[in-house]
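*Asks:* Would you mind keeping the following structure in view while I ask a few things?
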Amino acid sequence: MALLAQGSTVPSALVALMVFRGPTWACLFCFTSYEDRVRICQIFAGVEGPELEKCQKAFITAFRGLLDIEINDHERNHLHDAFTQMTHTLQEMAMAQGSFKVAFPNAAKKMQEVIKKLKEVEACIPPCGVQEASRSFRCRGCYSHVCELSLDCPVRDLTVTRGQQAKFSCSVNFSLPQEEITYSWKFAGGGVRTQDQSYFRDILQARGNLVRIRPVQLKHRGTYCCEISHDQFPVARVYFFLNVTGAPPRGETKLQVSFRKVLDWAPREAEMIESWSPSLGELLASSGALTPSNQCLLAAAAALASASATLVVWMFFRWYFKGN
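Using my numbering, the first residue of the sequence shown is number 247, and each one after it goes up by one.
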């Protein structure tokens, strides 16, 4: 009898292995363990026998609707907690002699309601960048997915007259993380327009997302690359091609140019390329500056200034009439 019982346990274990560890993955398999799923059915239907096999198949069938679910990756922990709570509830129902034919469909329905309330997956914003805000989690395969866009953004053209200043704003059209963002700048000289990183050399004196060159000279003509990194991992590379126009300054001859080169009279590049902080007028004039959040901040600042001015005027008149 012991041998018979042992022999009958083997097919049930094989069925559980095929059903619970099959190639068809879904949210149920991503957020619950194989041991938990088997334990629930053993409490419902016993450790072996045809009823156990029916329970295992019913478990899979009830959650088959969650096969192709895709959620916001930042909500994954929330969904994992919901599935953990679901397994505890199913165990309690099984111990209370409930029916798995009723328990499993109800549990799957509740999980669908939880998923509907999760934050939706944000769309990828072309044309470039690793956009963590749009990272999603796919239950078919149990893996995270991020936008398959190029790290390199299209080259932006900038034409500046010789002797003037050039300003570069390293920005992208998708939201960046709030912390641990760094900017590094590189330059490919000789008037070359390229995105090949082998042509670039680092500009150590340029830091931050805003950089300017003053005064612009012919030697500054070329491609500038700003690499945006988050936690030391590249997020995007923004390129600028600077085209310098205009004749040499009046009275400058070839002899004067040669003399300046010999004496190294011209300022060094480290003195020409620098980080800068824009004024309020420059910020407002820049594209994308008047975002809804910035408009709210400006409105709040204007309201505070108006209230302060009103308070000062009121105190002045109160003091004036009280003295009289």
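Backbone N, C-alpha and C fix where the C-beta goes; we use that ideal spot for every residue, glycine too.
All values derive from a computational prediction rather than experimental measurement.
(1) Cβ of Leu487 within 8 Å of Cβ of Leu404?
(2) For Gly375, count neighbouring C-beta atoms within 10 Å of its own C-beta (all shown protein chains included) and say buried if the count is 16 or more, exposed if not.
(3) Compare the beta carbon distance of Trp522 and Arg453 with 8 Å and say whether it is the shorter of the two.
(4) On the DSSP letters alone, give me the boundaries of the alpha helix (DSSP H) that Arg483 sits inside.
(5) Assuming Gln410 and Pro461 form a contact by the criterion Cβ under 8 Å, report the distance between their Cβ atoms to the nearest whole angstrom.
(6) Taking C-beta to C-beta, are Leu336 and Ile371 nearer than 8 Å?
(7) Could you say if the region 300–310 and the region 384–400 meet the contact criterion of at least three C-beta pairs nearer than 8 Å?
(8) Determine the contact status of Lys365 and Glu321, defining contact as a CB-CB distance below 8 Å.
(9) May I have the straight-line CA-CA distance separating Arg564 from Ser552, to the nearest angstrom?
(10) For the beta strand (DSSP E) holding Ala379, just list the boundary residues, first then last.
(11) Determine the direct distance from the alpha carbon of Tyr470 to that of Phe505, and round the result to whole angstroms.
(12) Between Phe290, Ala304, Asp477, Pro351, which lies nearest to Met341 when the distance is taken from Cα to Cα?
(13) Specify, as a first and last residue, the run of the beta strand (DSSP E) that Ile427 falls within.
(14) Once the 5 residues before and after Thr491 are set aside, which same chain residues still bring their CB inside 8 Å of it?
(15) Given a cut-off of 8 Å, decide if Cys385 and Cys276 are closer than it, judged by their beta-carbon atoms.
(16) What alpha helix (DSSP H) runs, 4 residues minimum, are completely inside the region 293–357?
(17) In the DSSP assignment, find the alpha helix (DSSP H) that holds Ala291 and state where it starts and stops.
(18) Could you tell me the boundaries of the beta strand (DSSP E) in which Leu364 lies?
(19) Just the C-alpha distance for Met357 and Gln331, rounded to the nearest angstrom, thanks.
(20) Measuring only the C-alpha atoms, how far is Ser415 from Leu422?
(21) For Phe275, which three-state DSSP category applies?
(22) Run through the DSSP bridge pairs and tell me what Leu456 is partnered with.
(23) Where Thr428 and Cys393 are concerned, what is the direct C-alpha to C-alpha distance, given to the nearest angstrom?
*Replies:* Reading from the atomic positions:
(1) Rather than Leu, the amino acid found at residue 487 in this sequence is Phe. In this structure, Phe487 sits near Leu404, with a CB-CB distance shorter than 8 Å.
(2) Counting Cβ neighbours within 10 Å, Gly375 comes out buried, since at least 16 surround it.
(3) Cβ atoms of Trp522 and Arg453: not closer than 8 Å.
(4) Per DSSP, Arg483 belongs to no alpha helix (DSSP H); it is in the beta strand (DSSP E), 479–491.
(5) That pair is a contact at about 7 Å.
(6) No.
(7) Touching, no, given that fewer than three Cβ pairs across the two stretches are closer than 8 Å.
(8) In this structure, Glu321 lies closer than 8 Å to Lys365 by Cβ.
(9) So the two alpha carbons sit approximately 18 Å from each other.
(10) Premise fails: Ala379 is in no beta strand (DSSP E) and is neither H nor E.
(11) Note that Phe505 scores 45 on pLDDT, short of 50, meaning its location in the model is unreliable; the coordinates nonetheless yield the value given after this. If I take the Cα positions, the gap works out to 29 Å.
(12) The shortest C-alpha separation from Met341 is found at Phe290.
(13) Boundaries of the beta strand (DSSP E) around Ile427: 427–434.
(14) So the list reads Thr405, Val406, Thr407, Arg408, once near-sequence residues are dropped.
(15) Yes, the pair counts as a contact, with Cβ atoms nearer than the cut-off.
(16) Listed in chain order, they are 296–308, 322–341.
(17) Here the alpha helix (DSSP H) through Ala291 covers 280–291.
(18) Leu364 -> no beta strand (DSSP E), and no H or E assigned at all.
(19) For Met357 and Gln331, the distance between alpha carbons rounds to 10 Å.
(20) Cα atoms of Ser415 and Leu422: separation of roughly 15 Å, rounded to the nearest angstrom.
(21) The three-state secondary structure of Phe275, taken from DSSP, is helix.
(22) Under the DSSP definition of a beta bridge, Leu456 partners with Ser415.
(23) Their backbone Cα atoms lie some 21 Å apart in a straight line.
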